[in-house]
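Asks: Residue numbers (the working numbering): 456 to 768.
The structure follows.
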Ligand SMILES: [Zn+2]
C-alpha cells in the first residue's frame, strides 16, 4: 500500500514538473551514479534489493540520462570539481562496482547504444578468482529465510575485518555454507581490456573487497596499491579515481587520503547518497545509488536531486 502511494506521488510529481524544477535547481551540481550490475535472470530471492537492474529498466535510465543530463567521463568530472572548472549543466558520470560479468555482457551494449561513457571499478581478486563476493554466499545460505535476516547478517559482517568475518561465517553456517564459487560470474581480464579498447574507464576497488575503515594500515595500503597495479598491468591504464568498498562513512578513514594521493589517486567514491559541488571533499565524493527498484519515476526523482542533499553552487 505504502509503495503504491509512493508510486502515485512520484507520478504526480512528474506530471506537475517537479522533477524538471529540481533538475534546474541542482543543475550546477555533479551526479555520480552507482550501479552494480544489469541482468534479467537473477533469482528474486537473491536479488531481492535490486542489486542487479533489469536491462529494460537500465535502458529507461539511459534514455532519461541521454535526454536530460550531460553524461561525461568520471575522471573529467572529478578533475573539474577539484580544480573549480565549470562543469556543463547536469553533469553526470555512470559507475559500476565490483566487476560482474553482466557489466560487460548486458550493460556495455546498452551504454554503447546510447553512446554514454562509464567507469567500471573492479575487485581484482574477484577477477583472479582468489576471492569471491561473500555477501552472495550469505544470500545463498539464507535463501529461504526472511529478508531481514539476510540484511542483518550483511550489515553485521561488512563491519568486520576479513579474517574475523570468515571465522564468523564458518561459526554460524559451518558446512551449510555454499562453496566459494557462488555462481556469480565476474569479468575476465580480456573483458576488461575490451572495455578499455572501446573507450571505457576501469578503476580500483581493492583486491578482496575489504573495508578501508575496518582494516589495518598495512592491509589497506597493500590492497589499494596491488589492485591499482594489477589493473594497470592487465589493461595498460587505470582510472585515477578509486571506489571504496561498501562506501558508507565508516568504511573510509580520512587518514588514508594522503596515502592515496601518493599512489596517484585523485578522488575517492563513497556510497553516501548525494550530489557534489566544488566544496565536496574529492576523497569523499557522494554518489546516487541506483537499484532495480528505481522504476521510471523513482529514477527521475533520484537523478533530479529531489531526494538528495545539495550544497549547490
Ligand atoms: Zn563493492
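Here a beta-carbon is modelled for each residue, glycine too, at the ideal position from N, C-alpha and C.
Give me, in chain order, the residues of the same chain whose beta-carbon lies closer than 8 Å to that of residue 639; leave out the 5 immediate sequence neighbours on both sides.
Replies: In the chain shown, the residue the question calls residue 639 occupies position 184. The residues are 555, 587, 588, 591.
Asks: Quick one: grab the DSSP three-state call for residue 708.
Replies: By 1-based counting over the chain shown, the position of residue 708 is 253. Correct three-state label for residue 708: coil.
Asks: According to DSSP, what are the bridge partners of residue 552?
Replies: As a working mapping, residue 552 is identified with position 97 in the chain shown. Its beta-bridge partners are 576.
Asks: With residue 752 as the anchor, note down where its alpha helix (DSSP H) starts and where it stops.
Replies: As a working mapping, residue 752 is identified with position 297 in the chain shown. 751-759 is the span of the alpha helix (DSSP H), which, as asked, contains residue 752.
Asks: Which parts of the segment 671-695 are runs of the alpha helix (DSSP H), unbroken and 4 residues or longer, counting only runs that do not cross its ends?
Replies: For the segment 671-695, whole alpha helix (DSSP H) runs of length 4 or above, ordered along the chain, are 672-690.
Asks: Taking only the alpha-carbon atoms, compute the straight-line gap between residue 632 and residue 481 and give it to the nearest angstrom.
Replies: Against the chain shown, residue 632 aligns to sequence position 177. Against the chain shown, residue 481 aligns to sequence position 26. Spanning the two alpha carbons is a distance of roughly 46 Å.
Asks: Determine, using beta carbons only, whether residue 576 and residue 642 come nearer to each other than 9 Å.
Replies: Residue numbering aside, residue 576 sits at position 121 when the chain shown is read from its first letter. Residue numbering aside, residue 642 sits at position 187 when the chain shown is read from its first letter. No, the pair does not count as a contact, with Cβ atoms beyond the cut-off.
Asks: Could you tell me which whole beta strand (DSSP E) segments of length 3 or greater appear in the segment 517-571?
Replies: Runs found: 546-553.
Asks: Can you tell me whether residue 462 is helix, strand or coil according to DSSP?
Replies: Residue 462 sits at position 7 when you count from the first residue of the chain shown. If DSSP states are grouped into helix, strand and coil, residue 462 belongs with the helices.
Asks: Is it the case that the CB of residue 553 approaches a heavy atom of ligand 1 more closely than 8 Å?
Replies: What you label residue 553 is simply residue 98 of the chain shown in a count that begins at 1. Answer for residue 553: yes, Cβ within range of ligand 1.
Asks: May I have the straight-line CA-CA distance separating residue 462 from residue 533, to the nearest angstrom?
Replies: Translated into positions along the chain shown, residue 462 becomes position 7. Translated into positions along the chain shown, residue 533 becomes position 78. So the alpha carbons of these two residues sit roughly 34 Å apart.
Asks: Any heavy atom of ligand 1 inside 8 Å of the beta-carbon of residue 770?
Replies: The structure shown does not extend to residue 770, since the chain is modelled only from 456 through 768, so no value can be given for it.
Asks: Work out the CA separation of residue 748 and residue 504 for me, nearest whole Å.
Replies: Residue numbering aside, residue 504 sits at position 49 when the chain shown is read from its first letter. Residue numbering aside, residue 748 sits at position 293 when the chain shown is read from its first letter. One C-alpha to the other measures close to 7 Å.
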